[in-house]
Structure formats: C-alpha cells, structure tokens
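First up is the structure itself, then whatever we jot down about it.
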Amino acid sequence: MSGQQDGFALGVDLGTSNTVAVLRRPDGTTRPVLVDGQPILPSGVYVDAGGHLHVGRDAHRLALADPAGYEPSPKRRVDEETVELRGRAYRPAELLAATLRAVGDAAVAAVGHLPPAVVTHPAAWTPDRRRVLHDAVELAGWPAAAEHTLAGPIAPGTRLLREPVAAARYYTQVLRRPVPVGGVVAVFDFGGGTLDVAVLRNEGADPWGDSGFQLVATGGLADLGGLDLDAALLGRLGELVRPTHGRQWARLTEPATTADRRDRQQLWDHVRGAKEMLSRAMVAPVAVPGVEAAVPLTRADFERLAAPLLARAVAETRTVTAAAGLRPEQLAGLFLVGGSTRVPLVARLLHAELGIAPTLLEQPELPVAEGALTDLPLPRRAGRPAAPVPPAPVPPQAAPPPAAPAQGTPTNEGAATVPGAAERDTTVAHATPAPTRQDPAGGYAAPGGPHGTLVADPPGYTPAGHRQPAGYPAVGVPPGSPVGPGGQGPWSGAPAGPTRGGGRRGRWLAAGAGLVVVAVAAATLLWVFRDRHPALDFHTPVVVGTVAVGDERPGAMFTATVGERSYLAWSLPDDRLTVRAVDAATGRKVWERQTGASAERWAGIRALPDGVVVLADASGSSTTRPLAVLDGDSGEQRWTVDIAGDDEIFLGAGTLVRLDRAGNKLVGLRLDDGRERWTQDNPRTEYGDTRTVVVPVATGEALDGAAHPDGSPSAPWSGGADRLVQVGADRSVRVLAIETGKILRSRGNVADLDDPVAARDDRLYVAEGDRGLRLLSYDLGSLGTPDVLYEADARDSRAKTLVTCGKHRACLLEVPGAGADGTRVVAVTEGEGSRHWPAPQAARLVPLGEHLLAERTLPRDAVTVFAPDGKPVLRERDGVAVRLDAGNLLLFDKEPSAYEDDRVLAGFAVDGKPVEMGQVKQIRSESCSWNTEMLVCGADKEFRLYRFAG
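Once you know that position 833 of the sequence shown is 831 in the working numbering, the rest is easy, because the numbers rise by one and skip nothing.
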C-alpha cells in the first residue's frame, strides 16, 4: 500500500445489496472504480464446487443455475459465527473479504497499486461487528484497519468510518453545503435491503484536524429497502397476470427447474427496471417470461403500493430526529443517500411530512464512498516563498483609459446573520488607483445546482454610471443657443458697448444666464446623485398568463427571463426537454422546440443575450452530460457539446468558457456556432497538480441587476464583463480575456485553492488564511504588490465567504475558532478603513448596492439587511430573499423547493419597510425566475406568470 503523500485514495461503501468504490487521484478528481466494467458491484458471494469464491455479477449469474452456493447479502450475516454454503462453513469476514479483494484488484488495475483506503460501516455497528470488518480487511490483503476516536490521531492502516459521517462530509465538504459548527443534519440512507437514519452534529475539527460530525441519534428499519418496493410491485404484476396466465405465473413464483429459476430472476430484473422507469415516466411495460404481451404498470399503481412502506420510513426519520431532541425544522439539512432514494415519492413524502426539503443527487449510491475520501485529505503543499514573487512578464500593451468616477456596486453571494452595532477600525492600508478596462464582451460563472434560471433587467433600466449621450442638449439649455459672457448671446441685437438702459438690461441678462447655469448645475447634480434603484411599487401578485404543458406532471421544470422574453422548459417521459419562448408580460407563445439530446435528469437552463443554454445533470464527476445552445429568435439548436459532470461553464457576451477538468484546460466556445475560439492549459505544480478555481470579474452593472438565490448575477455579461481570474494549484493567479483567452496578467504566490477570492472591475480581493486571516487587494491591471486591507486579531479566525460590496469595497464573514456563534461581517472600503459587526451563524452574503444581505440557516432560515455602516434595516426576517436590483428584494417565507407548495411573498426596498404581498399557491419555487416586475414559476402541469410590481 503506497503512502498517502502521492495523493491517491480509495473510498469503499460496503453495502448490504451493492458495494461502491470511488478512487481519488492526486489532482483531486474522483472516479468510480469499475469492477467488471460497472461502477456498482452487487455484494453477493457465490461458492463453486471447488470452494472458489465469486463476487458481484459473476456470483449472481452462477446462482441462477445453482442457488445453494449463493449468499446475496453477506453483511446481513455479520452476527453469525459461520455461513454454510454448499456444505461448507465460511466466516462472514471471509465473504466480505472476497468483495473487498475484488475492489482492491480493480483499483490496482487502474493506478498500479493499492491506495490508502477508507471502508465505511453502519453507524449502529457494535465493536463485535466492526471486528468482523477488521478481519475482512486483513483477509483481503489490505493493511490492518484503524478506527477514528477522540483518544488520538488515527493509526496508519485502512481506515474505518461510519456511513452517515461519510455522507455528511460529502454534502458539506464536497458539495459545499453550509452546516455551521453546532448545526445538526440528518442522513437518510435507503438502500436495497435496509433503511438507516442518523442525526449528526457538526462539532468542528478535533485536535488532530479531522472534521467532527458526531452521532446524536441513530435508527432504521432492517426489513425495509428497495427490494421490498420491488416485491410490492411484483405483487401487483401478479394480480394482473395470474387470472389469464396462472400456470406461467406459478412457474415463476415457485420455480422447479434451473430454467424456471433463471426466468424468475429475469422477472425480478424486469420489475426492478420498471420501478426505475416509473421514476421518470407514468407507465412502464414489463416483459413476463412465458407471456407474449408486455404488461403495463403505472406510476399510480407503484405509488399506491409504495406509500404505506415509505410512510414507515418517514415515521422512523421523525422518531430518530425526536430522539436527538430536535424538531425536523431545526435540521440544517436532510441528506438522501442509497439507490432507493431515486424513487421520487421518497423525497416528496419526506418533504410533505417533515416540512424540510431533502437534498438528493442523481447518483445517490456514490456520496458515502466519495465522502469517505475526506478522511484522507489531499496533502497540502507545505511552505510558501517568504517574499512576493514578481509578476510574470507580459508583452507591452497600450495603457487602458482611466476609470470613470461613476458609482459602482458589489458582487454576489449569500449569507445569514444577526444584526449588531457596527464598530470602526482605525487602521487602513491605501490602495493605488488603477485603470478600469472595459470591452464589449463579458462573463460570469453560470450557477450550478437545481435552479438554472437567469433574469435580466426590464426595458428602460438605467445602468449605474450612465452618461448623457453625445449630440443631445444639456438640461435647461436650448439647442444651438450658447450663452456668452455677461449673458449676451447672438439673439441679443444690442451693441457691444454700453448704451442707454444697457446696464439694467445687462444685469437682467446676467441674472438669466446665472439662472441657466444654476439650472444646469442642479440638473447635473440630480443626475449624478439620483436614486438609480428607487423603491418598487410592490402589490399583490396577479396572474397575467398561464402556459399548460400537457396532461402529465413533468418531473422537472425550469424558467429563465430576460427583458420581455421568458424561456420555459419541462422534461418529457422520453428524457428530452421541451423549451418554449413566451412573451414575459402575457405568456404568448413565440416558439417551442424539443431538445435533440436526452438525459435522465436536467440541471436547468441559462438565458443568453440572444438565446438560451440547456444543460443536463450528471450522475458523477466524470459522467458526460449534454449542453445545447438554442437560438433566441427561432428556437433552433445552434450547437451541442458533451461536458463532464464536474466541468463548469462561464458566460460572456459572445463566448462560453468551459472549465474542462478532465482535459486540465479552459476552452472558449463561440456562442453562435460552438466552434472553439481558444484553449489555455491550467497552471501546473512541479508534481503535476492541475486543480484550479476560476472566478469571473464582475461589473457594477451586472451586480446592480437581478440575481439568483446564491447572489450570482442573472445577466453576468452586463456592463462589458470580459475577464476571468484563474487560481492554480501552484498558488498562481492569472487574468484571462473571455473572448480571446489571452493571459492579460499573471503573478505567482497569490492564493491557495481554498482561499476565498472575489473580483470586480479593477480589483482582485483575496482572503488568505495560512498565516492568520488577512484581506489583500490587488490591482487587476498590474497584479503588483498587494495592499493589506484587513488583518484579524485572532490567529484562528477564518473567512467563510468573500464578496465585493461596492466600488473598491469588499465584505467577508469572519468566523472565529470558537465557532459560528461569533461570526461577524467585516466590510472594508479602500482608503477609508474597515467596519465590523456581529452576524452570529451567518452562512452567506449577497451584495445589495452598498447594503448587504446576510442569510443564515440555523436555527431557521432568516435574512437581515445591513446598511453600509452596519446598521440593520431589515432584522431577522424569516425565510429567504433574492435580489431584484441594487435597491430591492423579493422575500419568500421558505427556502426554494422542487415540489409544489404555497409561498408567502413580500417586497422590500432598502429605504423602506417590507410590503406584504400575500400568497402564491402550489408553485415549484425552485423553478422560479424574476425581474423587477414579473415572477415566472412552474406549478403542477403549467407555468404561471405573476406581476408583483409596477
């Protein structure tokens, strides 16, 4: 077994019905281990006549001919002394070792050696059961097992980890779902044979640096799993087949020959396939051996049969949560793992009965195995140069024009917080002014996750920094009528010299000219200091249009709104997506198209300046998924490309940039035809590490507009955003042009991959933490020596999130070592110093002009809005909020959901009080998009367009 320093690691979820293993490479990428070409290995073991042990699909196939030598679930026999197969006695450890040995052989075949490994086990396993797993690890030829305790660091060897701990770490460390220290989560593990439920508390890091999820309560049902759902569906099939084909059905249910047993197994496989299909379609045909015509099963049949079984699962979850001394709404998250959670009814019942929206992945078999890898973190490169590394040479280029002094606005993200009095720090480092570069193309990261909605500002929106167009007269001055000295002009007709009465007339003319000058000055001041984002006229939402999508309820619905156009998308039973463009004000159809590509699960749609991007979801980081671009005028598909599950995309005005993680490069694709414009390889360490983080350089105009729930701009290309910042594993930073891929500036020794980074206009902010928390500001035009804007007093403080919150202004959440209750906002304006104020349990920050939206999730979802000086102008409002523009928010009473339920809405302007707008009923709030007047949402079998302002 090689040492951990090479970065390889193996995570193994040894399940009751199936086993899954995930391999991590030194660059941080993860891939399922393929055994016999498949990522999921059945856990059954077969003993042949010679005493040889076969595992996985081979065992399954051999058992069809001779079931006497087959044990389908060795994990269920862990309490027994021996298991008799074909007249021979085997210890349970021997059977488990056979599966581990097959996984180890596949890992060796993939990377040439057996990497350090973590094997998971149920939370409720006693020391005697874990001893069986210890023995199995050694019998498989792996290094001896070592367990994690609080008595000291883990000894070298194969690590053992509780399954719910691995799942919780996956959701918090891999998916970055926020669970603050002290927060509590539930893991619902619904596999093929059993249900396990656990409640865990995040205790922070232990003294040896391991993240500490501690079990608070556990439970489960040993007699409930996916196989029980299969059996219920098989019973319904028997009700349909037995009356007309009784002899054939008896042969399948009571097999007497090898052929009968083979047909029975085939029938079970067909029923399982139908169950999976009914997760996506309303009807699934089942081929019954010996019966000529396929027998249709409906989703209604399945859900009727499954409901009472799943009701037991929901009741057990409520019981375990109560045993932890909690109500369901106090949970910071409900995480679903295990293949049986794919059944949509599972998440729907949990949400409906417990009132908390569960989190589920497309491939729920993987989180435990991949989460186990967090027990073997990638080694962090030790040391860093003592002095700053000078910037890499860049070819000479013309200096850009100086930045206009127009007021800007902040970047995005989201937060939670509790208001408090602001304090002012007196120490400040002054930054050097730098030019602002603006080109016609722009970009911002397209948000991932389930939302996929983009909204731009409505027609008539006036961007920050707008100037009077050339060729138009100034306010108060007649066209072509200049005023000369003394008030005389070409219309005067009086001689130049003094005449009788000329003094009085001159004084009147002078007074008139003065009034004109004053009027022009006043108009200019009013223009410069006008309220660019006045309070909206909020009112009760009114349905102005509906769009029906058919007789069946779509499994997924998405929307995106830009200007006067809304895009609506919904999934079809054949796994394709229908996209319809409509008039945003009425719902009138402009065009409708179905995608050529299909996918089991769709991630969403993204609006473009003149089209829409359609993006599928992926079951794993290396699994490919289609991305297609449709034309905004006709709906015709311009182009399509397959990208990996962990690839990211960034949208510019004319270019889509793909972060190709497998290829270790950035690729610029033309939005009009998909052709490759440019490629740039990722920075690389001396050890070949090419991991990277990419951050768009935002503009004030984009950040003044509508935003997604995470705070990212709905129209990221606004304001000429045209650059990306790329952070390399070698701590380098470089600035790239979105349209050309040209490296505009680069510098070494700037940031680690896990350091929060934010960029806007001419500034790059880095919150570094390896020598105590410091906030640094770099001039993007030169990437010269940074200014230190803030330095935390406590060495154990860390930055949780960092956003730009105004022109030359950055805001971060500082979390002390004592825990999230001491979280505070630190706001720094270059040249003016810093302010800070308390924000206990804050989870995210979203800029709102120079105001700041802070969000928290514990003990409940709530939002607070802070003025620039830290004074709360909206205090502890329950629910969540989204930005409409830099001065207005739309408030929801609960977090977004993929299922239909009621939502109470309110509007809020930063200079006013919340306007209660009433309730919208039975919408899929996760599908909604918005601008400053309209809210567009999916419902059961239709889309609804609501007008809530104006």
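Each residue gets a CB set at the ideal place from its N, CA and C atoms; glycine is no exception.
| query | result |
| --- | --- |
| Leaving aside the five residues before and after P467 along the sequence, list all residues of the same chain whose C-beta is less than 7 Å from its C-beta, in chain order. | For P467, the predicted model reports a pLDDT of 33, less than 50, meaning its position is unreliable and no value from the coordinates is stated. |
| Which residue's Cα is closest to the Cα of S923: V197, L933, N929 and L778? | L933 |
| How would you write the range of the beta strand (DSSP E) that Q171 sits in, first residue to last? | Per DSSP, Q171 belongs to no beta strand (DSSP E) and is neither H nor E. |
| Is S927 helix, strand or coil by DSSP? | strand |
| In the DSSP assignment, find the unbroken beta strand (DSSP E) run with F300 in it and report its ends. | Element bounds for F300: not the beta strand (DSSP E) but the alpha helix (DSSP H), R297 to A321. |
| Less than 7 Å between the beta carbons of A63 and T256, yes or no? | yes |
| Would you call the CB atoms of I741 and T653 closer than 7 Å? | no |
| Measure the C-alpha to C-alpha separation of G718 and D608 and round it to an integer number of angstroms. | 16 Å |
| Helix, strand or coil for R962? Go by DSSP, reduced to three states. | Coverage of the chain is limited to positions -1 through 948, which leaves residue 962 absent and any answer about it impossible. |
| Counting only runs that start and end within the region 809 to 862, where is the beta strand (DSSP E) found for 3 or more residues in a row? | 822 to 827, 831 to 836, 840 to 846 and 849 to 854 |
| Quick one: which unbroken alpha helix (DSSP H) runs of 4-plus residues sit fully inside the region 201 to 276? Chain order, please. | 224 to 239, 244 to 251 and 256 to 275 |
| Can you tell me which residues form a DSSP beta bridge with A907? | N886 |
| Going by beta-carbon coordinates alone, are A138 and A107 separated by less than 7 Å? | no |
| Look up H119 in the DSSP assignment and give the residues it is bridged to. | R160 |
| Would you report the Cα separation of T538 and V918, rounded to the nearest angstrom? | 9 Å |
| Tell me the residue span of the alpha helix (DSSP H) that contains L742. | L742 -> not in any alpha helix (DSSP H); beta strand (DSSP E) instead, spanning I741 to R745. |
| Return yes when the Cβ of E940 is within less than 7 Å of the Cβ of A546, no when it is not. | yes |
| Quick check on DSSP: helix, strand or coil for V610? | strand |
| Quick check on the burial criterion: 16 or more other C-beta atoms within 10 angstroms. Buried or exposed for T192? | buried |
| Is it buried or exposed, H50, if we count other Cβ atoms within 10 angstroms and call 16 or more buried? | exposed |
| How far does the alpha helix (DSSP H) with E598 in it extend, from its first residue to its last? | Premise fails: E598 is in no alpha helix (DSSP H) and is neither H nor E. |
| Who does K587 pair with in a DSSP beta bridge? | V580 |
| Within the same chain, show all residues whose beta-carbon is closer than 6 Å to that of T683, passing over the 5 residues directly before and after it, in chain order. | A727 and D728 |
| Residue ranges of each beta strand (DSSP E) run of no fewer than 3 residues wholly in the region 326 to 361, ordered along the chain? | 331 to 335 |
| Which first and last residues belong to the beta strand (DSSP E) in which L872 is found? | P870 to D876 |
| How is P394 classed by DSSP in three states: helix, strand or coil? | Unreliable positioning characterises P394 in this predicted model, as indicated by a pLDDT of 40, which lies under 50. A coordinate reading is not provided. |
| Do three or more CB pairs link the region 286 to 302 to the region 171 to 181 at distances below 8 Å? | no |
| Which value, in whole angstroms, describes the spacing of the CA atoms of T621 and A642? | 5 Å |
| Give the range of the alpha helix (DSSP H) segment to which A567 is assigned. | Where A567 is concerned, there is no enclosing alpha helix (DSSP H), although the beta strand (DSSP E) it sits in stretches over R563 to S569. |
| Cβ of G218 within 7 Å of Cβ of V197? | no |
| Once the 5 residues before and after A322 are set aside, which same chain residues still bring their CB inside 6 Å of it? | V197, V214 and A215 |
| List in chain order: all unbroken alpha helix (DSSP H) runs of 4+ residues lying wholly within the region 692 to 743. | 698 to 702 |
| D535 and A947 - do their beta-carbons sit closer together than 7 Å? | yes |
| Reducing DSSP to helix, strand and coil, say where G962 ends up. | Here the chain covers residues -1 to 948 and nothing more, so residue 962 does not appear. |
| Can you tell which of R325, V76 and Y788 has its C-alpha closest to the C-alpha of L12? | V76 |
| Whole-angstrom Cβ separation of A304 and L352, contact assumed at under 8 Å? | Not a contact, Cβ separation roughly 18 Å. |
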